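Numbering (this note's numbering), first residue to last: 357 to 636.
Take a look at the structure below.
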Ligand SMILES: C[S@@+](CC[C@H](N)C(=O)[O-])C[C@H]1O[C@@H](n2cnc3c(N)ncnc32)[C@H](O)[C@@H]1O
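So, in structure tokens, the structure goes:
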């Protein structure tokens, strides 16, 4: 079987199993199996596959059939300007979260060495992207999940930042290190009702600890805001990702905890997604 034939078979199989983007997914899976770029595959459509690669392709297709996200099958995802290793222990980095990077860069002059904390670092995509842009800063990433932190450490190593970011396996409730200039966080914020309605790709395969924000979706948003009001310096900034229906309540919690709201930014689909605030 050649590349062209296996791609057609793969696309048909995924489409029949109701997988969206069936052709793209089949193509991405083939890039992994033959370890070639998409352009190379398109230029070599008549190249034959070895039997062992055909078997690998089928195994990956089966994983996709059962809704495993393509980022877990491939083992990586691009975020901001870089490639991040991903596995089922970490949330797959989302384009909307790049808002946190944009807004953080506005608060961090290039040559200053500010102290930054990333709460719920997961794959480390936010803090690593920031440190690539602002290498003089001092960075810490914390996460309750040890497995997630191991992925973050591998990503830091991949980007030559293993000695520049301090990763700590701790619950935000127990973290007590002070004087941060900037705290960033994309906490779990999905409420119990919305959680049940998530696509299977997310609900079955991504870690619940990274998604579920408890009954009302605010359990971890509250924790992050309360804790940040203690850990930040006066005039320090908190940049927080929220669910698109969580703006008003989040602002209330921020105000109650001594924060001034600087800005709400919207994601690519125009939804409120990120709050920039200052500890007064
Ligand atoms: C929505 S994910 C964000 C991951 C990554 N920062 C990103 O934006 O792709 C939330 C992360 O918070 C972590 N987390 C959940 N509860 C926590 C807690 N109480 N203390 C510290 N980290 C927590 C989860 O393990 C998960 O990695």
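From the three backbone atoms N, C-alpha and C, an ideal C-beta is built for every residue, glycine too.
These numbers come from a predicted model, not from an experiment.
Residues sharing a beta bridge with residue i, DSSP
i, result
"residue 413", "None; residue 413 has no bridge partner."
"residue 597", "630"
"residue 621", "630"
"residue 495", "472 and 521"
"residue 551", "Partner(s): none; residue 551 has no beta bridge."
"residue 635", "615"
"residue 358", "404"
"residue 515", "In DSSP, residue 515 forms no bridge with anything."
"residue 440", "433"
"residue 568", "546"
Three-way DSSP call (helix, strand, coil) for residue i in this model
i, result
"residue 386", "helix"
"residue 542", "coil"
"residue 445", "coil"
"residue 590", "strand"
"residue 556", "helix"
"residue 561", "helix"
"residue 529", "helix"
"residue 534", "coil"
"residue 501", "coil"
"residue 434", "strand"
"residue 460", "helix"
"residue 506", "helix"
"residue 574", "coil"
"residue 451", "helix"
"residue 428", "helix"
"residue 379", "helix"
"residue 366", "helix"
"residue 371", "helix"
"residue 392", "coil"
"residue 423", "coil"
"residue 479", "coil"
Integer Cβ distance of residue i from residue j, believed to fall under 8 Å
i, j, result
"residue 539", "residue 475", "6 Å"
"residue 657", "residue 438", "Limits of the chain in this structure are 357 at one end and 636 at the other, which puts residue 657 out of reach."
"residue 528", "residue 496", "With 8 Å as the limit, residue 528 and residue 496 do not qualify as a contact, their Cβ atoms being about 12 Å apart."
"residue 515", "residue 488", "6 Å"
"residue 400", "residue 359", "6 Å"
"residue 606", "residue 577", "6 Å"
"residue 363", "residue 386", "6 Å"
"residue 421", "residue 373", "5 Å"
"residue 609", "residue 618", "With 8 Å as the limit, residue 609 and residue 618 do not qualify as a contact, their Cβ atoms being about 16 Å apart."
"residue 544", "residue 565", "7 Å"
"residue 600", "residue 557", "With 8 Å as the limit, residue 600 and residue 557 do not qualify as a contact, their Cβ atoms being about 19 Å apart."
* Asked: Below 8 Å, can you find three or more Cβ-Cβ pairs linking the stretch 589 to 596 to the stretch 546 to 565?
  -> Contact between the stretch 589 to 596 and the stretch 546 to 565 is absent, because fewer than three Cβ pairs lie under 8 Å.
* Taking contact to mean at least 3 C-beta pairs separated by less than 8 Å, is the stretch 445 to 462 in contact with the stretch 392 to 411? -> no
* To do: Decide if the stretch 574 to 593 is in contact with the stretch 464 to 479; the criterion is three or more beta carbon pairs, one per stretch, under 8 Å apart.
  => yes
* Inspect the CB distances between the stretch 480 to 499 and the stretch 430 to 443 and report whether three or more fall short of 8 Å. => With the cut-off at 8 Å, the stretch 480 to 499 and the stretch 430 to 443 touch.
* contact_flag[the stretch 502 to 509, the stretch 411 to 422] where n(CB pairs < 8 Å) is 3 or more -> Counting Cβ pairs under 8 Å, fewer than three are found: no touch.
* Within the chosen definition, does the stretch 618 to 627 reach the stretch 555 to 571 through at least 3 CB pairs nearer than 8 Å? -> no
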